[in-house]
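Colleague:
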Amino acid sequence: MALLRSNLTLSLQRNLRLVSPGCRYVSQTATKTVSEFEYDAPSMKTPVPGPKSKELTRQLGEIQNVGAINFFCNYEESRGNYLVDADGNRMLDLYTQISSVPLGYNHPALMKVLSSPSNLSAFVNRPALGILPPENFPEKLTESLLSVAPSGMTRVQNMACGSCSNENAFKAMFIWYKNKERGTSDPSPEETSSCMINQSPGCPDLSILSFMGAFHGRTMGKSDKCCLATTHSKIIHKLDIPSFDWPIAPFPRLKYPLEEFVQENAQEEARCLEEVEDLIVKWRQKGKPVAGIVIEPIQAEGGDNHASPDFFIKLRNIARKHGCAFHVDEVQTGGGATGKFWAHEHWGTDDPADIVSFSKKMLTGGYYQKDELQPDKGYRIFNTWMGDPSKNLFLSEVLNVIRKENLLEEVTRSGKTLLQGLYELQSQYPHLLSRARGQGTFCAIDTLDGVTRDDLLLKLRDKGVLLGGCGENSIRFRPALIFKDYHAHQFLNIFNDVLSCPSVIAASVILGYGYFLMRYHRIPRCTSSQRFRRN
Ligand SMILES: Cc1ncc(COP(=O)(O)O)c(C=O)c1O
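Residues 285 to 819 in my numbering are what the sequence shown spells out, letter by letter.
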């Protein structure tokens, strides 16, 4: 009891010290360097969702499930880093449509693409790209997607979204694996007949190795749809859907800041790599050989889990050693947010992968591949649209702006400011925040638990900052590439206000007390069904 009392007193003292005026702000307002087209600050008129959003949600609810709708947006009025909602609230958007807006809202360079007469036919006529591409397609692919191709890759396959990019990348790995086994022979009559009734050997028992906490999409788990079988981030994505018996390796659970825990983290990574090799051997013995390994350079949905370049390079070597293709899923990390165009560039190797998939900030989905991963026949990787050429026009312009405005350097700079501010806040509010981490502006911080995280997200939103959660209790930062130091300071000041507000302090003391009871009196944390409801 004495220990409990002193714990509570310490918690109150720490929190009260922080609301004293002298240490209220982490950072002062910085020089304002916003582009001329955007607003200069959040402006809130109602709580979010406001009355208009609520009414629209009711209307849409009569047509669709609206369980995931946050609020309705006014995209016409939104500018740069600021998203305006249907009630006229203007929020600093650090989540950017689940990390998919490269240059903020209504960027003038992208508006110009629409006004050019030579681009109009690409918007009006959406072709079936796999059979009838427009005559300028090779040229447009060269100036957009191929101009940022990862090292060692000269081929790109466009697709529509992240899941279908991964889905087709998996298929490409299976086809490659079987062609490698067959050598120059054609598929046998037994293979061609059995595949039509979902039986082996035509539908072979191959597998893809993925990692606990990974997210590679939500498409289903049977037939040629298999993203969900490699997704292991949240119960709500998986429940009730059939899946495959594929190996799942542990993803390193590192300590942050990484520079301070090099030794422990290296041991943790070695443990995971050993497990990967064991699983590959086990699955081969089970008769379900691993055709490919898929991994995110930073596990995003699963909680912004990082690993070192050494880990990825060793994993890539393990894939090579066991004859597995190595697929790096850059759907969320690609496009510049980590301060390099591809997150895997931080590994410093010129042979990072056999396949790199992308979507989100790239505006179109797809994957790059090595020559040998190219399927041998048409229609093996195919769907009606296979992307959208109008998106390549936008992407070319996005890439021009990134180059002209040195946005990768800007991301590195503003990311440092953001992360430094998060370090300071976590040292001021140790009961609420921990494990600040990030690369570029691709940052995250942990909160006490999922309830605290969700509460903080709502409070931040009502103060005009839009953020997302990831993992069990993390807040993730996914601003656009035009996010500057100025915006980082603006956010940090608002976050500090929220953290020092009396209701958050009171909640943290109560939750801290609950946590104390759980740890010292062994009260179960929460059951999986409770966790599921929270999702
Ligand atoms: C790493 C990763 N892969 C795949 C996907 C799936 O992309 P989509 O939602 O476009 O299908 C996501 C989506 O968040 C992702 O973060």
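For each residue, glycine too, the CB sits at the ideal point set by N, CA and C.
Quick check: is any heavy atom of ligand 1 less than 7 angstroms from the C-beta of D672?
Modeller: The answer is no for D672.
Colleague: Smallest Cα separation from S787: which of L776, I532, L740 and G755?
Modeller: Among L776, I532, L740 and G755, the Cα nearest to that of S787 belongs to L740.
Colleague: How many Å lie between L493 and I459 at the Cα?
Modeller: C-alpha separation (whole angstroms): 16 angstroms.
Colleague: As a quick exercise: from T731, D660 and E427, pick the residue whose alpha carbon is nearest that of Y713.
Modeller: Looking at the Cα atoms, T731 is the closest of the given residues.
Colleague: Residue ranges of each alpha helix (DSSP H) run of no fewer than 4 residues wholly in the segment 399-423, ordered along the chain?
Modeller: Those alpha helix (DSSP H) runs which fall completely within the segment 399-423 and span 4+ residues are 404-408.
Colleague: Starting from the N-terminal side, write out each stretch of the beta strand (DSSP E) that is 3 residues or longer and does not extend beyond the segment 689-765.
Modeller: Listed in chain order, they are 717-723, 726-731, 752-754 and 758-761.
Colleague: Report the residue from L783, Y770 and V749 whose alpha carbon sits nearest the alpha carbon of Y379.
Modeller: Of the listed residues, the one whose Cα sits closest to Y379 is V749.
Colleague: Apart from the five residues on each side of it in sequence, which residues of its chain come closer than 8 angstroms, Cβ to Cβ, to C487?
Modeller: These residues qualify, in order along the chain: S478 and C479.
Colleague: Can F775 be considered in contact with ligand 1, in the sense that its beta carbon sits closer than 7 angstroms to one or more heavy atoms?
Modeller: No, ligand 1 has no heavy atom inside 7 angstroms of this Cβ.
Colleague: Under the DSSP definition of a beta bridge, which residues are partnered with I492?
Modeller: Answer by DSSP bridge pairing, in chain order: G576.
Colleague: Going by the DSSP bridge assignment, what does M443 pair with across the sheet?
Modeller: DSSP, once it has assigned bridges, lists G649 as partnering M443.
Colleague: Output needed for V350: all residues of its chain with C-beta closer than 6 angstroms, excluding positions within five of it in sequence on either side, in chain order.
Modeller: Within the same chain, V350 has close Cβ partners T341 and L344.
Colleague: Tell me whether I639 sits in a helix, a strand or coil according to DSSP, three-state version.
Modeller: I639 falls in the strand class under three-state DSSP.
Colleague: Nearest CA to the CA of V412: which residue from Y707, P326, D672 and P593?
Modeller: Looking at the sequence provided, one finds Ala at residue 412 rather than Val. Of Y707, P326, D672 and P593, the residue nearest in Cα terms is D672.
Colleague: Under three-state DSSP, which class holds K316?
Modeller: Below a pLDDT of 50, predicted positions are generally treated as unreliable, and K316, at 40, falls in that range; no measurement from the model is reported.
Colleague: Do you know offhand how far N403's Cα is from L429's?
Modeller: Approximately 17 angstroms between the Cα atoms of the pair.
Colleague: Ends of the beta strand (DSSP E) at Y359?
Modeller: That residue, Y359, is in no beta strand (DSSP E); it is neither H nor E in DSSP.
Colleague: Since M375 contacts P326 with CB under 8 angstroms, what's their CB separation in whole angstroms?
Modeller: The Cβ separation is near 5 angstroms, so the contact holds.
Colleague: In the DSSP output, what is D655 paired with across the bridge?
Modeller: None, per the DSSP bridge assignment.
Colleague: What did DSSP end up calling L255 once you bin it into helix, strand or coil?
Modeller: Summary: the structure shown does not reach residue 255, with the chain confined to residues 285 through 819, and so no result is reported for it.
Colleague: Measure the Cβ-Cβ separation of N442 and G650 and say whether it is below 8 angstroms.
Modeller: Taking 8 angstroms as the Cβ cut-off, N442 and G650 qualify as a contacting pair.
Colleague: I'd like to know whether the C-beta atoms of G334 and D377 end up nearer to each other than 8 angstroms.
Modeller: Cβ atoms of G334 and D377: not closer than 8 angstroms.
Colleague: Determine, using beta carbons only, whether A603 and I639 come nearer to each other than 8 angstroms.
Modeller: No.
Colleague: Pick from F666, F545, V565 and Q658: whose alpha carbon is nearest that of R719?
Modeller: Closest by alpha carbon: F545.
Colleague: In the structure shown, what three-state DSSP assignment does H521 receive?
Modeller: Note: H521 maps to helix in three-state DSSP.
Colleague: Taking 6 angstroms as the limit between beta carbons, can you name the residues of its chain near C510, skipping five residues before and five after?
Modeller: Hits under 6 angstroms: F454.
Colleague: DSSP three-state call for Q569: helix, strand or coil?
Modeller: Here Q569 sits in helix by DSSP.
Colleague: When you compare the CB positions of I597 and W631, do they come within less than 8 angstroms of one another, or not?
Modeller: Against a cut-off of 8 angstroms, the Cβ pair of W631 and I597 comes out as a contact.
Colleague: Just how far apart, CA to CA, sit K769 and L425?
Modeller: A quick correction: the sequence has Asp, not Lys, at residue 769. The alpha-carbon atoms of D769 and L425 are separated by roughly 33 angstroms.
Colleague: In this structure, what does DSSP give as the bridge partners for I686?
Modeller: I686 is not bridged to any residue.
Colleague: Between the Cα of L744 and the Cα atoms of D781, R537 and L709, which residue gives the shortest distance?
Modeller: Per the Cα distances, D781.
Colleague: Using the Cβ count rule (16 or more neighbours within 10 Å means buried), how would you classify M670?
Modeller: Looking at its Cβ environment, which holds 16 or more other Cβ atoms inside 10 Å, M670 is buried.
Colleague: Where does the unbroken alpha helix (DSSP H) through A584 begin, and where does it stop?
Modeller: Segment: none, A584 is in no alpha helix (DSSP H) and carries neither H nor E.
Colleague: With a 10 Å radius around its C-beta and 16 neighbouring C-beta atoms as the bar for buried, classify S362 as buried or exposed.
Modeller: By the 10 Å Cβ count, S362 comes out buried.
Colleague: According to the Cβ coordinates, are Y652 and V385 closer than 8 angstroms?
Modeller: No, they are not a contact pair.
Colleague: Over what stretch of residues does the alpha helix (DSSP H) that includes F779 continue unbroken?
Modeller: F779 -> alpha helix (DSSP H) spans D769 to L783.
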